[in-house]
Amino acid sequence: MTYRADSNIYYPYDAFIQCNGKCQADEYWSEKEVLEIVRRKTKLAMQATSDSTPSKRESLVAELSKLISIDLYGNCDGYAKCGYGHCYKQELGK
């Protein structure tokens with residue numbers, strides 16, 4: 111089960127959709143905004159979480175973090191505290 115459409119069980123977390131003028135400005139990032147953020151990237155991965163999960167994805171992230179650098183934000187022990195809103199957007203931009 112992954113977010114990938116070719117997964118045996120497709121389970122998307124979020125999606126890119128065309129708004130055609132029907133979305134609130136704070137509900138989406140334009141393609142131009144996304145490309146600008148990607149161009150400025152200096153970090154490979156970040157996880158923002160509110161709590162532990164039944165799927166134990168935090169265990170997967172812990173294993174993956176042995177191979178690559180992952181910045182961790184949220185309410186779990188050992189994670190940097192970062193409130194929703196400005197802090198997450200600021201960290202996503204790195």
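The opening position of the sequence shown corresponds to residue 111 in our numbering, with each subsequent residue numbered one higher. Glycine included, every Cβ here is placed at the ideal spot set by N, Cα and C. For clarity, every value in this text was computed on a predicted model and none was experimentally measured.
Check	Outcome
At a cut of 8 Å, does the stretch 167-177 reach the stretch 145-152 through at least three beta carbon pairs?	no
Tell me, please, which residues DSSP counts as bridged to Gly184.	Thr159
I'd like the list of long-range same chain contacts for Ile180, defined as Cβ closer than 8 Å, with 5 residues on each side in sequence excluded.	Leu154, Ala155, Met156, Gln157, Val171 and Leu174
So, are the CB atoms of Ile184 and Ser160 less than 8 Å apart?	One detail in the question is off: residue 184 reads as Gly in this sequence, not Ile. In this structure, Ser160 lies closer than 8 Å to Gly184 by Cβ.
In this structure, how does DSSP classify Lys176 when only helix, strand and coil are distinguished?	coil
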